[in-house]
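In my numbering, the protein residues as written are 2 to 75.
Encoded structure:
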C-alpha cells in the first residue's frame, strides 16, 4: 500500500534529523541508503544494489558503482 504524503513527510523529517551530523561517509553509506529508501516505504534490496561492478571506458581494470538503482517504472 502506498504511503500518504504526510507519512512520507514525517519519515523524511526523521531521516534528516538522523543524518544531519553524519560525517563518516564510507562507514554510513549503506545505512544511509537503506534509511533513505525507507522514507518512501521502499526496501532498498528490491530496487538497488551496492558496489555494482562496471567497466571503465579506456581502462584496463574495472571499477564499481557505490549504488546502482534499478529502473522502477512499470
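Each residue gets a CB set at the ideal place from its N, CA and C atoms; glycine is no exception.
For residue i, the nearest candidate out of the options (CA to CA)
i          : options           : result
residue 72 : 30, 8, 48 and 41  : 48
residue 46 : 16, 35 and 40     : 35
residue 16 : 67, 26, 41 and 28 : 41
residue 9  : 67, 55, 38 and 64 : 38
As assigned by DSSP and simplified to three states, the class of residue i
i          : result
residue 43 : coil
residue 53 : strand
residue 17 : helix
residue 69 : strand
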